[in-house]
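Protein chains in written order, with my numbering: chain A, 8 to 176; chain B, 672 to 976; chain C, 80 to 543.
These notes concern the structure reproduced below.
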Ligand code: NA
Ligand code: NA
């Protein structure tokens with residue numbers, strides 16, 4: 008286990024908390040998708056009464072799973088990354104690089120907030136609905152994009168702050 | 672020379688695609704040095720599921736749209752896609768003219784979509800794995816794959832079990848393995864998607880006629896000079912009529928291909944079709960009532976034929 | 080000019096990957112940056128985010144997290160361990176038999192799911208600890224798991240073939256059949272190659288001591304550290320499997336019974352038309368839950384929650400990669416890069432064989448940077464006219480494309496299966512890439528054989 012920086016500022020504990028909430032929400036979405044898909048199989052096979060909602064809702068649950076869980080995965084340093092080069096750098100250069108990449112991460116996730124919100128609003132304005140039978144209002148799944156982006160932005164800020172804390176510590 | 676990006680999908684051998692290729696060529700020749708349409712085929716940029724939204728947003732200038740896929744966004748379009756309301760393709764083409772076309776264009780423009788031209792496809796028939804549909808009773812308990820709410824509603828009223836739970840990529844396997852019994856598709860479309868391999872009993876019912884419009888983002892459209900707009904729509908109109916003519920020839924041609932590959936193609940009797948129409952009419956009327964005066968007017972125009 | 084552009088693109092790509100920035104974010108960031116050149120700032124961002132959304136908005140992808148969850152449950156309930164011990168017992172005293180067991184099990188997964196990610200992650204969780212105990216090197220472990228993962232879409236059912244059939248007017252049933260013989264050949268070749276490499280590796284080394292719990296930990300720790308803190312990875316759940324005790328074949332069968340039943344239920348359910356292949360993922364997860372809670376009684380609420388949380392986290396990571404890959408794929412499409420390369424190739428008026436060779440190189444190159452479906456959607460509309468023009472057999476070409484698409488999964492820098500193996504096994508990515516060389520070479524060899532002996536692809540479908 009990596010030693011935690013001695014004392015975490017309240018704000019950063021709060022950020023970790025938001026990521027955890029995202030992770031739990033994403034786990035619940037996964038469990039829900041598992042159950043509704045099995046439910047679909049049962050009602051279709053046993054009663055010839057397929058639902059009109061499972062196919063579509065399971066897609067949205069899986070979108071939520073990905074978008075809300077991304078910050079939680081980041082908090083746990085779990086995203087795939089290639090560290091062959093980074094491992095060969097001096098500690099100082101590695102920290103500089105990490106600060107730089109975390110800034111990149113902040114920029115990337117802010118785009119998800121801004122553009123995601125724009126799209127959600129667009130879907131709301133033109134009352135866009137899904138192609139399937141459900142005609143699900145699309146501003147709802149679209150809203151997951153800025154929410155996921157926000158969680159990610161916060162966690163990238165947290166990671167950036169950690170790098171600065173390391174220098175002092 | 673300005674580029675107009677066109678996103679398309681589906682097999683390039685389909686007559687709608689070949690007519691579109693001609694449209695692109697002829698437009699590009701006429702507008703050489705000023706505008707150039709560049710095609711991104713095969714669903715590279717967007718597929719039928721999201722195309723209309725992408726065009727509305729302006730992510731692409733032009734898009735090939737599957738009309739039934741945009742019914743949720745522009746509900747009034749259901750008026751020209753009411754199952755069993757049109758006897759043949761010419762009636763549908765007629766609905767895309769005059770007063771009813773104005774209603775439809777207004778509705779699309781409210782969603783930032785400009786209709787450039789309309790392509791027509793052959794009628795939607797029934798492909799069954801369980802034998803041809805001869806009577807309404809044959810529909811009882813039939814698990815029909817569906818993506819359309821109003822079609823599902825009519826099928827359910829006729830005693831069938833419409834199933835919207837199987838995604839497109841799994842439909843072939845579902846029919847092969849017996850999860851589903853039947854699927855609604857046009858003769859040409861069904862042949863391309865290999866429906867007859869797993870559901871070889873084809874009953875001609877002309878349930879509805881899906882259209883494939885080429886749409887342009889309204890802002891992009893408004894930025895074009897009037898003469899360029901004119902070139903796009905006039906050549907487009909010509910190609911649209913060409914698809915109308917081709918639809919009939921291709922349907923006949925592909926009916927033979929289906930038979931050659933072991934499918935049984937039959938037609939439903941007028942008597943049985945009339946029984947279905949009685950049930951369907953209730954559904955159309957309910958739809959028109961729920962969708963306001965323009966929908967009422969559209970249904971009126973449609974039923975006058 | 081074009082060459083310069085392509086080189087610039089690759090350099091930027093490698094820089095982003097080398098920065099240690101998570102791959103998914105890096106690809107997306109780079110893709111948005113490149114897109115700005117084509118459409119301007121605002122439009123690029125809009126299209127990028129739209130692409131991110133549509134990439135996730137897919138019924139095909141629903142099965143991925145569900146199968147990941149199943150994989151976690153198979154590991155947590157001890158079902159995987161029982162299955163593996165049975166395979167070991169039945170395959171006799173050969174340690175290299177474990178390699179065969181891995182490939183065979185992956186083949187079963189491929190026939191169940193068609194998802195390479197899932198096959199690789201499930202087999203990774205179960206097989207890596209066992210392979211380690213049998214003293215397979217990290218490189219050879221990577222060979223086994225990446226090879227197994229690459230079977231996913233060759234053995235039917237296969238989403239690649241469905242897309243191909245739809246876009247080119249070819250029978251999907253025949254296309255499925257066409258993948259069968261190449262798939263079985265791959266299983267045989269992989270198993271033989273693994274056994275051979277294992278022998279070569281062992282030669283000249285002292286016989287492996289009897290495995291003791293904890294001994295493998297020493298090998299894992301530095302590897303994990305080199306992998307950039309993968310010790311904390313959600314995959315770091317590789318259990319120190321309990322000591323393997325030799326047992327009778329009957330006992331092995333009894334122990335593994337419920338586990339062996341799982342693929343039968345899943346395959347049976349799909350083939351008897353009870354559920355679709357993606358739905359099988361949900362059924363599989365529920366089945367494992369029931370076995371774990373009520374039959375093996377190895378699953379506690381705590382273990383269950385852990386499995387759920389780590390599945391959610393892994394799925395989120397996959398989603399981030401899918402988004403990044405989709406955004407970079409959009410740039411490749413938008414820039415019409417493949418068309419320009421292809422135009423260069425076709426214009427030269429080459430002999431059919433040379434043209435085919437160049438097309439394969441082109442597909443291999445694209446596959447390095449694109450994920451499977453992106454590659455297929457891009458390649459078919461581009462190459463199908465060439466197939467028609469040259470009068471090639473469509474089914475034969477479909478198989479060639481299919482194998483190239485599967486190669487894409489295990490070729491760096493954009494090879495999803497590579498990263499999964501690296502994370503699950505806490506194996507440094509360079510070792511994984513080295514290990515993946517084995518299946519890559521075998522697939523390329525098979526590709527060459529199929530080019531010269533088309534009947535491998537066309538015989539079975541012709542029988543229908
Ligand atoms: Na498969
Ligand atoms: Na690759």
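Even glycine gets a Cβ: it sits at the ideal position worked out from N, Cα and C.
Start-to-end residues for the beta strand (DSSP E) that takes in residue 335 of chain C: Start at 1 with the first residue of the third chain, and residue 335 of chain C comes out as number 256. First-last for residue 335 of chain C: 328 to 350, but that is the alpha helix (DSSP H), not the beta strand (DSSP E).
So does the segment 426 to 434 of chain C actually touch the segment 131 to 141 of chain C, counting three or more Cβ pairs closer than 8 Å? no
Between the C-alpha atoms of residue 690 of chain B and residue 707 of chain B, what's the straight-line distance to the nearest angstrom? What you label residue 690 of chain B is simply residue 19 of the second chain in a count that begins at 1. What you label residue 707 of chain B is simply residue 36 of the second chain in a count that begins at 1. The straight-line gap from Cα to Cα measures roughly 17 Å.
How is residue 796 of chain B classed by DSSP in three states: helix, strand or coil? As a working mapping, residue 796 of chain B is identified with position 125 in the second chain. In this structure, residue 796 of chain B counts as strand in the three-state DSSP scheme.
Using the Cα positions of residue 718 of chain B and residue 838 of chain B, report the straight-line distance between them to the nearest angstrom. On the second chain, residue 718 of chain B is found 47 positions in, with the first residue counted as 1. On the second chain, residue 838 of chain B is found 167 positions in, with the first residue counted as 1. Between residue 718 of chain B and residue 838 of chain B, the C-alpha separation is close to 14 Å.
Distance, Cα to Cα, residue 966 of chain B vs residue 827 of chain B? One-based indexing of the second chain puts residue 966 of chain B at position 295. One-based indexing of the second chain puts residue 827 of chain B at position 156. Rounded to whole angstroms, residue 966 of chain B to residue 827 of chain B spans 23 Å at the Cα level.
Among the candidates B:921, B:928, B:810, B:936, whose CA atom is the shortest distance from the CA of residue 943 of chain B? Here residue 943 of chain B refers to the residue found at position 272 of the second chain. The shortest C-alpha separation from residue 943 of chain B is found at B:810.
On the three-pair Cβ rule with 8 Å, is the segment 54 to 74 of chain A touching the segment 148 to 157 of chain A? At 8 Å Cβ cutoff, the stretches touch.
If you reduce the DSSP assignment to three classes, tell me which class residue 55 of chain A lands in. As a first step, residue 55 of chain A must be located in the first chain, where it is residue number 48. The answer is coil: DSSP assigns residue 55 of chain A none of H, G, I, E or B.
Does any residue of chain C bring its CB to less than 7 Å from the CB of residue 721 of chain B? Here residue 721 of chain B is taken as the residue at index 50 of the second chain, counted from 1. Cβ-Cβ to chain C under 7 Å: yes for residue 721 of chain B.
Between residue 815 of chain B and the rest of its own chain, which residues show a CB-CB distance below 6 Å, the 5 nearest in sequence each way excluded? Stepping through the second chain from its first residue, residue 815 of chain B is reached at position 144. 826, 831, 833, 853, listed in sequence order.
With DSSP collapsed to three states, give me the class of residue 82 of chain C. Within the third chain, numbered from 1, the residue matching residue 82 of chain C stands at position 3. If DSSP states are grouped into helix, strand and coil, residue 82 of chain C belongs with the helices.
For residue 848 of chain B and chain C, any beta-carbon pair shorter than 7 Å? Against the second chain, residue 848 of chain B aligns to sequence position 177. It does; some Cβ of chain C falls within 7 Å.
Do we get a CB-CB distance below 7 Å when we pair residue 173 of chain A with the residues of chain C? Counting from 1 along the first chain, the entry for residue 173 of chain A is found at position 166. So, not an interface residue.
Could you check what DSSP says for residue 834 of chain B in three-state terms: helix, strand or coil? Counting from 1 along the second chain, the entry for residue 834 of chain B is found at position 163. Strand.
Heavy atom of ligand 3 less than 6 Å from the Cβ of residue 964 of chain B, yes or no? Absence of ligand 3 is noted for the structure shown, with ligand 1 and ligand 2 being the only ligands found.
Compute the beta-carbon to beta-carbon distance between residue 196 of chain C and residue 364 of chain C, rounded to the nearest angstrom, for a pair I have assumed lies under 8 Å. Position 117 of the third chain, counted from the start, is the residue given in the question as residue 196 of chain C. Position 285 of the third chain, counted from the start, is the residue given in the question as residue 364 of chain C. Not really, about 15 Å apart at Cβ, beyond 8 Å.
Are residue 865 of chain B and residue 250 of chain C closer than 7 Å when you measure CB to CB? In the second chain, counting from the first residue as 1, residue 865 of chain B sits at position 194. In the third chain, counting from the first residue as 1, residue 250 of chain C sits at position 171. Going by beta carbons, residue 865 of chain B and residue 250 of chain C fall inside the 7 Å limit.
Does any residue of chain C have a CB that is nearer than 7 Å to the CB of residue 792 of chain B? Here residue 792 of chain B refers to the residue found at position 121 when the second chain is read from its first residue. It does not: the Cβ of residue 792 of chain B has no partner Cβ on chain C nearer than 7 Å.
Quick one: what does DSSP say residue 293 of chain C is sitting in, helix, strand or coil? Your numbering for residue 293 of chain C matches position 214 in the third chain. Note on residue 293 of chain C: pLDDT 36, under 50, position unreliable in the model; the coordinate value appears next. Residue 293 of chain C: coil per DSSP, three-state reduction.
Output, in chain order, the set of chain A residues within a Cβ distance shorter than 7 Å of residue 508 of chain C. As a first step, residue 508 of chain C is located in the third chain; it is residue number 429 there, counting from the start. Result: 89, 91.
So is residue 457 of chain C in contact with chain B if we call contact Cβ pairs under 7 Å? The sequence position of residue 457 of chain C within the third chain is 378, counting from 1. Yes, contact with chain B.
Using the beta-carbon count (16 or more within 10 Å), is residue 84 of chain C buried or exposed? Your numbering for residue 84 of chain C matches position 5 in the third chain. Burial call: exposed.
Taking DSSP as the reference, what is the three-state secondary structure of residue 472 of chain C? Position 393 of the third chain holds residue 472 of chain C. Three-state result, residue 472 of chain C: coil.
Take residue 162 of chain A and list the residues in its own chain whose beta-carbon comes closer than 7 Å to its own, dropping the five residues that flank it on each side. Counting from 1 along the first chain, the entry for residue 162 of chain A is found at position 155. Only 22, 26, 78, 81, 82 meet the Cβ criterion.
At least one CB of chain C closer than 7 Å to the CB of residue 930 of chain B: is that the case? In the second chain, counting from the first residue as 1, residue 930 of chain B sits at position 259. By this cut-off, residue 930 of chain B is not an interface position.
Proximal residues, the segment 111 to 132 of chain A versus chain C, C-beta separation under 7 Å: So the list reads 111, 112, 115, 118, 119, 122, 123, 126, given in the order they occur along the chain.
Which of the three DSSP states, helix, strand or coil, is assigned to residue 894 of chain B? As a position in the second chain, residue 894 of chain B is number 223, starting the count at 1. When secondary structure is reduced to three states using DSSP, residue 894 of chain B falls in the coil class, being assigned neither helix nor strand.
Exposure label - residue 787 of chain B; buried when at least 16 CB within 10 Å: As a position in the second chain, residue 787 of chain B is number 116, starting the count at 1. Looking at its Cβ environment, which holds 16 or more other Cβ atoms inside 10 Å, residue 787 of chain B is buried.
Under three-state DSSP, which class holds residue 491 of chain C? Position 412 of the third chain, counting from 1, holds the residue named residue 491 of chain C. Here residue 491 of chain C sits in coil by DSSP.
Measuring only between beta-carbons, confirm whether residue 23 of chain A sits less than 7 Å from chain B. The count along the first chain starts at 1 and reaches residue 23 of chain A at position 16. No, because no Cβ of chain B sits closer than 7 Å to the Cβ of residue 23 of chain A.
Can you look up residue 395 of chain C in the DSSP assignment and give me helix, strand or coil? If you number the third chain from 1, residue 395 of chain C lands on position 316. Correct three-state label for residue 395 of chain C: helix.
Would the segment 793 to 805 of chain B count as touching the segment 934 to 954 of chain B if we require 3 or more Cβ pairs under 8 Å? yes
DSSP beta-bridge partners for residue 733 of chain B? In the second chain, residue 733 of chain B corresponds to position 62, counting from 1. Paired residue(s): B:677, B:887.
If I follow the unbroken beta strand (DSSP E) through residue 785 of chain B, where does it start and stop? Residue 785 of chain B sits at position 114 when you count from the first residue of the second chain. Here the beta strand (DSSP E) through residue 785 of chain B covers 784 to 791.
C-beta neighbour in chain A for residue 353 of chain C, strict 7 Å: Within the third chain, numbered from 1, the residue matching residue 353 of chain C stands at position 274. Yes, residue 353 of chain C counts as interfacial toward chain A.
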